[in-house]
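Visitor:
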Amino acid sequence: MWNIHAGSWKIFAKLCNINGETFSLARGAWEEGYEGDLVYDETLKALEESRNEYNQSLAQEGSLEEEDEPPSLDNIDLDQLFENNEDEPSTSNKNQLEETTTTTMESKETRVQRVNRRQQRKRQRRSSKDHDFELDDESFSRIVDQNEKSSGRASRKMKRKNLNLEVSHDCFGISEILEIEDPCSGVPLRAVKSFLSRIPDVFTGEDLVQWLRKSYGVDSNDEAVHLGTLIACHGYFYAIDEHVITLKDDNSFNRFQHEKYWPSKGWEPDQASYAIYLIKRSFSTKARLELGDYEIDNLSRLQRVLSRDWDRLVSTAESLSRVEKRKDKSDRKLHECQERAFWNIHRPMPGQANTSEQDMKKRVRNNRIASNDQMATMGPSERIEMKQKDIRRLELEKDALEKALIKPCHRFSKAIETLISYCDARERIDPLLPHSALSGYNSWSSRDQSALESEPLKWKNGLADLLRNQTGQEAFAKFLKSEYSGENLTFWLHTRRYKSAPVSRHRVIARAIYERHISDECQEPVNLPQADRRKIARSLESEEPLTRFLFDDAAEHIFRLMKADSYKRFLNSAIYQEMLDNVKVKLA
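So in the UniProt record's numbering, spot 350 of the sequence shown is number 350, and the numbers just go up one at a time.
1. Alpha carbon to alpha carbon, what distance is there between D219 and H410?
2. Rounded to whole angstroms, what is the Cα-Cα separation between R213 and E339?
3. Taking Cβ to Cβ, would you say V225 is nearer than 8 Å to L247?
4. Between the C-alpha atoms of L493 and I536, what's the straight-line distance to the nearest angstrom?
5. Quick check on the DSSP output: the alpha helix (DSSP H) that includes D553 runs from which residue to which?
6. Since S454 contacts I429 with CB under 8 Å, what's their CB separation in whole angstroms?
7. In whole angstroms, what separates the C-alpha of E336 from that of Y277?
8. So for Y238, helix, strand or coil by DSSP?
9. For the segment 258-305, list the alpha helix (DSSP H) runs that are entirely contained and at least 4 residues long, ordered along the chain.
10. Measure the C-alpha to C-alpha separation of C522 and Q577 and round it to an integer number of angstroms.
11. Determine the burial state of residue 594: buried for a count of at least 16 other Cβ atoms within 10 Å of its Cβ, exposed for fewer.
12. Where does the unbroken alpha helix (DSSP H) through D331 begin, and where does it stop?
13. Output yes or no for whether 8 Å exceeds the beta carbon distance between E206 and D249.
14. For A239, which residues from the same chain have a beta carbon less than 7 Å from its beta carbon, with the 5 sequence-adjacent residues on both sides left out?
15. Are L457 and V583 touching if we call contact CB-CB under 8 Å?
16. Where L299 and R560 are concerned, what is the direct C-alpha to C-alpha distance, given to the nearest angstrom?
17. Assuming A477 and L489 form a contact by the criterion Cβ under 8 Å, report the distance between their Cβ atoms to the nearest whole angstrom.
18. Is the separation between the beta-carbon of L540 and that of R505 shorter than 8 Å?
19. Helix, strand or coil: how does DSSP classify D201 here?
20. For a test of the three-state rule: what should DSSP assign to S454, helix, strand or coil?
21. In angstroms, rounded to a whole number, what distance separates the CA positions of S307 and S519?
22. What number of angstroms, rounded off, separates the C-alpha of L571 from the C-alpha of P350?
23. One question on the structure: do Y498 and F551 come within less than 8 Å of each other, judged by their Cβ atoms?
24. Which word fits V508, buried or exposed, when buried means at least 16 other C-beta atoms lie within 10 angstroms of its C-beta?
25. Are I279 and V314 close, meaning C-beta to C-beta below 8 Å?
26. When DSSP builds the beta bridges, which residues end up paired with S319?
27. What is the DSSP secondary structure of V314, reduced to helix, strand or coil?
28. I'd like the list of long-range same chain contacts for Q257, defined as Cβ closer than 8 Å, with 5 residues on each side in sequence excluded.
29. Spatial neighbours of E324 within its chain, please: CB distance less than 6 Å, with the 5 preceding and 5 following residues excluded, ordered by chain position.
30. Using the three-state DSSP reduction, which class does A191 fall into: helix, strand or coil?
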């Protein structure tokens, strides 16, 4: 029907009394094969109006009677109709229109139904297929803007063309935190009624996980939980019931941390602030504010380190406690939770990662990258000045490292305590001290053996002093043999001899030690962990050369066992007491 010649559309438009815009719309849509409902209905409506106008003009001329049905243009052969390309329609064409009116009106309804069924089948085929639409930037931005206006919420910034958005954990910053806490588009907050109390402004872990998946296109719950845990580890929200720095995908309640406690504020609390916090909690008699074991140890350590200002810290903590007691109960409890969550991040319990610490390798690498980028944009004179500053900085770092080498690893108070205990244990047998039993003794000028006979006095200082002496080894071996546990000392001595043996003899000695003390059919088995047993067995089975440190872990384990059990009983045994009495008599 719509196969119209290019030169005949004006004649058709004039015949049907259709303007050029309507006809161009219909002709272009049908030639392109677009069968949309909107264009189809508008085209039929335009043709129907043109047909009515044409019939009215014929009725006025007396060529169309009132009882005749109006002509239809649906089934007209347009190629034949416009064959003459005339401005006015001829009489034969009018007769042809009148003759075909009855037939075309009867089949009109059938054709419309057929077209509707065809369009319905096409729509079903479109809906059954899974289309992956690729939108350009302009179309995608327009769709996002329309969604923003309809929802009334602030849109998320989309940086990809496709609809499968990904989230990058490295670029998660303050803007994203503010977006999470947004009262309109963020995680939904609620007030929960507990036993005799009401908990305001909380959210569940499940709500946060679902919000992260929806907002940042996270594929799985595990990835969303991991991202939420990273946010919790940096102190942006905390759990209400449990003092754990993790996110749980359940109905456990969490609360956002106050902005002043955020680590992004760039301040690190000092030891005095932590001491005041622990002192305040020690004043309270409530069970939920009771100090943990590691916090008690930290408090005692801070008391030794800050002993000069301890009275001032205690008075400050007392004044702060009085101020907090005058607050409302809900505000006071909220402040306690926020403060405890803050210190759980900056002073975590043993075994948890401290996210507030700075990695020195990462810090140096970042400074180096920043300096290289800065050097690339400088002129020659600025580069020389920067290099001079770098040289001065390196000299200062060198001086600081040299001072660090001289500085002891232990604290000064701990080092003093260790030194005093060491001197007290050896003052009676030190020839340099005037009040010792060996005062005035010189091994270079005297042949007196009293110094060697006083060795049992040193055995009290530790198991290492006992085993360092040959007489002490024999006495300790005699005691262990009486308790049927001499294999521990034998194994320890064998491992020491293995370590000092030639490399060529290592495999033979190691095999002998393994067969005597470690294998399943050994004669003198020792109590070793399975990990150490498997490590030694794998080393013996391999063809690689053995190292001197093959039995170090096993020997250290046996040494700890003897020090914790057998050594203490040896000091109270009759064998050692007899030797100690003989030495005291000789030195008296």
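All C-beta atoms, glycine included, are put in the ideal place defined by N, C-alpha and C.
These numbers were taken from a predicted model, which means no experiment stands behind them.
Guide: Working from what's here:
1. Stepping through the sequence shown from its first residue, residue 410 is reached at position 410. Stepping through the sequence shown from its first residue, residue 219 is reached at position 219. If you take the alpha carbons of H410 and D219, they lie about 49 Å apart.
2. Taking the first residue of the sequence shown as position 1, residue 213 is located at position 213. Taking the first residue of the sequence shown as position 1, residue 339 is located at position 339. When rounded, the distance between both Cα atoms is 30 Å.
3. Residue 225 sits at position 225 when you count from the first residue of the sequence shown. Residue 247 sits at position 247 when you count from the first residue of the sequence shown. Closer than 8 Å, so yes.
4. The residue labelled residue 493 in the question sits at position 493 within the sequence shown. The residue labelled residue 536 in the question sits at position 536 within the sequence shown. Distance between the alpha carbons of L493 and I536: 17 Å.
5. The sequence position of residue 553 within the sequence shown is 553, counting from 1. Going by DSSP, D553 is part of the alpha helix (DSSP H) stretching over D552 to L561.
6. Counting from 1 along the sequence shown, the entry for residue 454 is found at position 454. Counting from 1 along the sequence shown, the entry for residue 429 is found at position 429. That belief holds up - the Cβ atoms of S454 and I429 are roughly 5 Å apart, short of 8 Å.
7. Counting from 1 along the sequence shown, the entry for residue 336 is found at position 336. Counting from 1 along the sequence shown, the entry for residue 277 is found at position 277. Their backbone Cα atoms lie some 10 Å apart in a straight line.
8. Mapped onto the sequence shown, residue 238 falls at position 238. Looking at Y238 - three-state DSSP - the assignment turns out to be strand.
9. Taken in chain order, the complete alpha helix (DSSP H) segments of 4 residues or longer contained in the segment 258-305 are 271-283 and 293-305.
10. Within the sequence shown, numbered from 1, the residue matching residue 522 stands at position 522. Within the sequence shown, numbered from 1, the residue matching residue 577 stands at position 577. C-alpha of C522 to C-alpha of Q577: approximately 34 Å in a straight line.
11. There is no way to answer for residue 594, as the model of the chain reaches only from 1 to 588.
12. Looking up residue 331 in the sequence shown gives position 331. Going by DSSP, D331 is part of the alpha helix (DSSP H) stretching over K329 to H346.
13. Here residue 206 is taken as the residue at index 206 of the sequence shown, counted from 1. Here residue 249 is taken as the residue at index 249 of the sequence shown, counted from 1. For E206 and D249, yes; Cβs fall inside 8 Å.
14. Residue 239 sits at position 239 when you count from the first residue of the sequence shown. Residues of the same chain with a CB within less than 7 Å of the CB of A239, apart from the 5 flanking positions on each side, are S252 and N254 in chain order.
15. Here residue 457 is taken as the residue at index 457 of the sequence shown, counted from 1. Here residue 583 is taken as the residue at index 583 of the sequence shown, counted from 1. The answer is yes: Cβ separation under 8 Å.
16. Indexing the sequence shown from 1 puts residue 299 at position 299. Indexing the sequence shown from 1 puts residue 560 at position 560. Whole-angstrom Cα-Cα distance: 30 Å.
17. Indexing the sequence shown from 1 puts residue 477 at position 477. Indexing the sequence shown from 1 puts residue 489 at position 489. Confirmed, Cβ separation roughly 5 Å.
18. Within the sequence shown, numbered from 1, the residue matching residue 540 stands at position 540. Within the sequence shown, numbered from 1, the residue matching residue 505 stands at position 505. By the CB criterion at 8 Å, L540 and R505 fall outside the cutoff.
19. Here the question's residue 201 lines up with position 201 in the sequence shown. Of the three classes helix, strand and coil, the one that applies to D201 here is strand, per DSSP.
20. Position 454 of the sequence shown, counting from 1, holds the residue named residue 454. Assignment of S454 by DSSP, reduced to helix, strand and coil, places it in the coil class.
21. One-based indexing of the sequence shown puts residue 307 at position 307. One-based indexing of the sequence shown puts residue 519 at position 519. For S307 and S519, the gap between their C-alpha atoms comes out near 55 Å.
22. Here residue 571 is taken as the residue at index 571 of the sequence shown, counted from 1. Here residue 350 is taken as the residue at index 350 of the sequence shown, counted from 1. Cα atoms of L571 and P350: separation of roughly 35 Å, rounded to the nearest angstrom.
23. Stepping through the sequence shown from its first residue, residue 498 is reached at position 498. Stepping through the sequence shown from its first residue, residue 551 is reached at position 551. Taking 8 Å as the Cβ cut-off, Y498 and F551 qualify as a contacting pair.
24. Position 508 of the sequence shown, counting from 1, holds the residue named residue 508. The residue in question, V508, is exposed, as its Cβ has fewer than 16 Cβ neighbours within 10 Å.
25. In the sequence shown, counting from the first residue as 1, residue 279 sits at position 279. In the sequence shown, counting from the first residue as 1, residue 314 sits at position 314. With contacts defined by Cβ atoms closer than 8 Å, I279 and V314 form a contacting pair.
26. Translated into positions along the sequence shown, residue 319 becomes position 319. The partner list for S319 (beta bridge, DSSP) is empty, contrary to what the question assumes.
27. Translated into positions along the sequence shown, residue 314 becomes position 314. DSSP places V314 in helix when its eight states are reduced to three.
28. Position 257 of the sequence shown, counted from the first residue, corresponds to residue 257. If we look at Q257 and ignore the five residues flanking it on each side, its Cβ neighbours are G235, Y236, F237, Y238, Q338, A341 and F342.
29. On the sequence shown, residue 324 is found 324 positions in, with the first residue counted as 1. Hits under 6 Å: R332.
30. Start at 1 with the first residue of the sequence shown, and residue 191 comes out as number 191. Three-state DSSP puts A191 in a strand.
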